[in-house]
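**Q** First, the structure itself, so that you have it in front of you.
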Amino acid sequence: MGNGDIIDYGAPTYHLKRNVEGNPRQGAFFYKNFVNTAGIRGDINDNWSFDVNIQATRVDYQNEYRNDLSVTAINRGVDVVSINGVPTCVSALNGTDSSCMPYPLFNGGLPGDEGLQAVWDGGQELQNYIANATYINGNLKQTIISGYITGELGFAIPGAPSNAMVVLGFENKEMSSDYRPDLPSRTGDRSGSGGATLPLQVNMM
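Under my numbering, the very last position in the sequence shown is 227; numbers go up by exactly one each time.
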């Protein structure tokens with residue numbers, strides 16, 4: 023396409039742009055780990071003893087993404103018409119999004135800085151509109167119950183110095199995982215995520 027060529031209105035166009043005028047994308051990860059253990063052991067009689075214990079573990083997880091631009095807000099912010107010379111969002115006119123603010127990608131700045139001055143001029147209000155703070159919460163739970171009994175049998179194997187011994191034990195393990203992305207994450211509205219982040223619930227025994 024040469025300088026001065028006119029693109030038909032219906033022709034598809036692609037705008038690739040990093041939000042350098044906004045604050046940098048940030049990711050904050052938080053983990054809390056709780057482990058509780060209890061047990062009891064003792065003698066059943068002179069020949070038999072037991073040991074039983076339980077371990078309960080929980081890990082809480084939170085992931086916060088800051089200044090990740092909303093795909094929906096960007097699309098609405100660039101879908102703009104002029105009303106009496108004032109850039110106005112189509113979504114604001116049709117009632118879809120009354121809070122929409124025009125996102126002038128190609129205003130201001132030197133070559134390579136298109137949109138930089140425009141968003142600065144729009145101030146924090148525009149940045150707040152196009153940027154999301156999104157969250158993914160989750161937890162992992164694990165419970166292990168185990169125990170055993172041990173005792174001396176009433177016989178000995180020939181040549182052994184003492185009676186035969188036996189140990190009988192058991193273990194039960196239960197695990198569950200709950201991964202809960204918020205609505206922008208689930209719907210793929212975070213422009214920096216590469217797609218939707220789906221929830222996940224798993225229970226295992």
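Ideal Cβ placement from N, Cα and C applies to all residues, glycine included.
Only a predicted model underlies this, so the values are computations on that prediction, with no experimental measurement involved.
#1: Tell me the residue span of the alpha helix (DSSP H) that contains G169.
#2: With which residues is Q223 paired in a DSSP beta bridge?
#3: Taking just the CA atoms, how far does I158 sit from L175?
#4: In terms of DSSP beta bridges, what is T110 paired with?
#5: With 16 other CB atoms within 10 Å as the buried threshold, where does D211 fall?
#6: Is the segment 50 to 59 touching the segment 71 to 86, taking contact as three or more C-beta pairs under 8 angstroms?
#7: Just to confirm, is the Cβ distance from I171 to D73 under 9 angstroms?
#8: Classify A95 as helix, strand or coil using the three-state DSSP reduction.
#9: At which residues does the beta strand (DSSP E) containing R63 begin and terminate?
#10: Does the beta-carbon of T219 have 16 or more other beta-carbons within 10 angstroms, so that it is buried, or is it exposed?
#11: Do S213 and L90 have their beta-carbon atoms positioned less than 9 angstroms apart in this structure?
#12: Leaving out the 5 sequence neighbours to the left and right, which residues in its chain are closer than 7 angstroms to V224 when beta-carbon positions are compared?
#13: Please state whether DSSP places L190 in a helix, a strand or coil.
#14: Using the C-alpha atoms, what's the distance from G181 back to T59?
#15: Taking Q164 as the reference, give the member of S113, R80 and I179 with the closest Cα.
#16: Work out the CA separation of V189 and A178 for me, nearest whole Å.
#17: If distances are taken between C-alpha atoms only, which option among S215, N194 and S121 comes closest to D204?
**A** By the coordinates alone:
#1: Reading the sequence shown from its first residue, position 147 is the one you call residue 169. From DSSP, G169 is part of no alpha helix (DSSP H) but of the beta strand (DSSP E) over A153 to E174.
#2: Indexing the sequence shown from 1 puts residue 223 at position 201. Answer is D200.
#3: In the sequence shown, counting from the first residue as 1, residue 175 sits at position 153. In the sequence shown, counting from the first residue as 1, residue 158 sits at position 136. Their Cα atoms are separated by approximately 56 angstroms.
#4: Here residue 110 refers to the residue found at position 88 of the sequence shown. According to DSSP, T110 bridges with V103.
#5: Numbered from its first residue, the sequence shown carries residue 211 at position 189. It counts as buried.
#6: yes
#7: Position 149 of the sequence shown, counted from the start, is the residue given in the question as residue 171. Position 51 of the sequence shown, counted from the start, is the residue given in the question as residue 73. A contact, by the Cβ cut-off of 9 angstroms.
#8: Taking the sequence shown and counting its residues from 1, the one referred to as residue 95 is at position 73. Of the three classes helix, strand and coil, the one that applies to A95 here is helix, per DSSP.
#9: In the sequence shown, counting from the first residue as 1, residue 63 sits at position 41. Segment Q48 to D65, the beta strand (DSSP E) holding R63.
#10: For the purposes of this step, residue 219 is identified with residue 197 of the sequence shown, where counting begins at 1. Label assigned to T219: buried.
#11: Here residue 90 corresponds to residue number 68 of the sequence shown, with the count starting at 1. Here residue 213 corresponds to residue number 191 of the sequence shown, with the count starting at 1. The question names Leu, but residue 90 is Asp in the sequence shown. In this structure, S213 lies closer than 9 angstroms to D90 by Cβ.
#12: Counting from 1 along the sequence shown, the entry for residue 224 is found at position 202. Only S198 and S199 meet the Cβ criterion.
#13: Numbered from its first residue, the sequence shown carries residue 190 at position 168. If DSSP states are grouped into helix, strand and coil, L190 belongs with the strands.
#14: As a position in the sequence shown, residue 59 is number 37, starting the count at 1. As a position in the sequence shown, residue 181 is number 159, starting the count at 1. Computed Cα separation, rounded: 42 angstroms.
#15: By one-based count along the sequence shown, residue 164 stands at place 142. Cα-wise, what sits closest to Q164 is R80.
#16: By 1-based counting over the sequence shown, the position of residue 178 is 156. By 1-based counting over the sequence shown, the position of residue 189 is 167. Computed Cα separation, rounded: 16 angstroms.
#17: Your numbering for residue 204 matches position 182 in the sequence shown. Nearest of S215, N194 and S121 to D204, Cα basis: S215.
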